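Undergrad: Residue numbers are given in the UniProt record's numbering: position 193 of the sequence shown equals residue 193, and the series is strictly consecutive.
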Amino acid sequence: MSETNSARERIRAHFIKERGYWRPWTEAILQAQPAFLDHYANYAGYPTRSGPLSSRMVELIYVALDASSAHLFATGLRTHMAGAFAAGASEADIFDVLHLVASQGLECVYQAGVILADEAGQAGAARIDAALQARIERLCPQASRMLQILAALDRGYVSTLLDFLEHGGTGRGLNDAERGLVQIALHACFTAFNRDALSRLIRVALDAGTSVPEILQAIQLGAHLSVHGTALGATVFSELRASAADR
């Protein structure tokens with residue numbers, strides 16, 4: 001084996017160890033620009049290698065990020081769901097994650113409802129009954145004021161969305177801290193960054209005892225979705241090279 005081939009084999013093994021997969025696009029980059037792959041493996045593997053979250057939790061966060069409507073990356077979803085099961089995740093864990101994925105868009109509804117009430121001059125007049133207010137405070141304390149305003153505009157909508165939030169999960173999968181980390185990862189990711197939601201969710205997590213390193217690791221994992229653009233580019237590059245060679 002030549003020195004160049006030996007180096008590529010080392011990089012391939014290093015990448016698989018750090019990232020847990022090997023694809024045609026990684027092979028294309030290995031042949032064309034091996035240093036990229038070597039250093040990417042170091043960078044992308046760092047949070048998992050150094051952070052406090054369990055392998056199960058890391059994989060569940062990746063499941064959320066790849067399944068999110070802001071990304072919808074089936075290949076990665078398949079890889080990380082299999083990885084989650086291998087790391088000990090249950091079916092209940094998976095469906096709790098998918099429940100949070102389905103709930104992601106609600107944060108924008110909350111914020112847009114406040115804007116509507118402000119522009120319509122109705123924000124200051126938001127009054128709802130005590131029972132609904134108590135339910136909002138119990139289920140969504142981090143968004144209680146926004147939901148109160150939204151409920152003043154459409155009580156039925158808020159009541160039904162609270163039903164979904166309370167009963168749509170399995171009740172036997174993720175605990176509250178884990179749910180918070182998944183939500184933070186979803187709203188911190190560049191594909192659907194939501195500063196307002198992120199700030200509130202981080203505050204709730206910190207108040208509940210989740211550590212800064214745990215939250216930071218959940219945030220860091222989202223950056224790795226950007227390599228899917230690289231994967232697309234490397235795939236097209238490989239196809240064009242193969243087409244040119246056949247002429």
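In this text, a Cβ means the ideal position worked out from N, Cα and C, and glycines have one as well.
Since the model is a prediction, treat every value here as computed from it, not as a measurement.
(1) On the three-state DSSP scale, how would you describe A120?
(2) At the level of alpha carbons, what is the spacing between M1 and R23?
(3) Taking the alpha-carbon of F36 as reference, which of L150, T230, S90 and A84 has the nearest alpha-carbon?
(4) Might you give, ordered along the chain, the residues of its own chain that have their beta carbon closer than 6 angstroms to the beta carbon of I219, omitting 5 neighbours on each side?
(5) Rounded to the nearest angstrom, what separates R10 and I29 at their Cα positions?
(6) List, from N- to C-terminal side, the alpha helix (DSSP H) runs of 4 residues or more that fit wholly inside the stretch 99-154.
(7) Nearest to A102 by alpha carbon, out of M81, D129, L72 and E91?
(8) T191 to G169, Cα distance in whole Å?
(9) Would N194 pass as a contact of E119 if the rule is Cβ separation under 9 angstroms?
(10) Scan the stretch 159-201 and note each continuous beta strand (DSSP E) run of 3 residues or more that stays entirely inside, going in chain order.
(11) May I ask you to verify whether the stretch 82-102 touches the stretch 50-67, counting CB pairs closer than 8 angstroms and requiring at least 3?
(12) On the CB-based measure, 16 or more other CB atoms within 10 Å of its CB, does D38 come out buried or exposed?
(13) According to DSSP, is S211 helix, strand or coil?
(14) Just how far apart, CA to CA, sit T210 and S199?
(15) What are the boundary residues of the alpha helix (DSSP H) that includes Y40?
TA: For this structure:
(1) For the purposes of this step, residue 120 is taken as residue 120 along the sequence shown, with counting starting at 1. The answer is coil: DSSP assigns A120 none of H, G, I, E or B.
(2) In the sequence shown, the residue the question calls residue 1 occupies position 1. In the sequence shown, the residue the question calls residue 23 occupies position 23. With a pLDDT of only 49 at M1, under 50, the local geometry of the prediction cannot be trusted, and no value is derived from it.
(3) Translated into positions along the sequence shown, residue 36 becomes position 36. Ranking the options by Cα distance to F36, first place goes to T230.
(4) Position 219 of the sequence shown, counted from the first residue, corresponds to residue 219. Cβ neighbours of I219 beyond the five flanking positions: A188.
(5) Numbered from its first residue, the sequence shown carries residue 10 at position 10. Numbered from its first residue, the sequence shown carries residue 29 at position 29. C-alpha separation (whole angstroms): 14 angstroms.
(6) The DSSP assignment places complete alpha helix (DSSP H) segments of no fewer than 4 residues inside the stretch 99-154 at 106-119, 130-139 and 144-153, in order along the chain.
(7) Indexing the sequence shown from 1 puts residue 102 at position 102. Comparing Cα-Cα distances from A102 to each of M81, D129, L72 and E91, the minimum goes to L72.
(8) Here residue 191 is taken as the residue at index 191 of the sequence shown, counted from 1. Here residue 169 is taken as the residue at index 169 of the sequence shown, counted from 1. The alpha-carbon atoms of T191 and G169 are separated by roughly 24 angstroms.
(9) Numbered from its first residue, the sequence shown carries residue 194 at position 194. Numbered from its first residue, the sequence shown carries residue 119 at position 119. Cβ distance not < 9 angstroms, so N194 and E119 don't count as in contact.
(10) none
(11) In the pairwise beta carbon analysis, the stretch 82-102 is classified as touching the stretch 50-67: at least three pairs are separated by under 8 angstroms.
(12) Within the sequence shown, numbered from 1, the residue matching residue 38 stands at position 38. Result: buried.
(13) Taking the sequence shown and counting its residues from 1, the one referred to as residue 211 is at position 211. In this structure, S211 counts as coil in the three-state DSSP scheme.
(14) Taking the first residue of the sequence shown as 1, we reach residue 210 at position 210. Taking the first residue of the sequence shown as 1, we reach residue 199 at position 199. Those two C-alpha atoms are separated by around 14 angstroms.
(15) If you number the sequence shown from 1, residue 40 lands on position 40. Start and end: P34 to S50.
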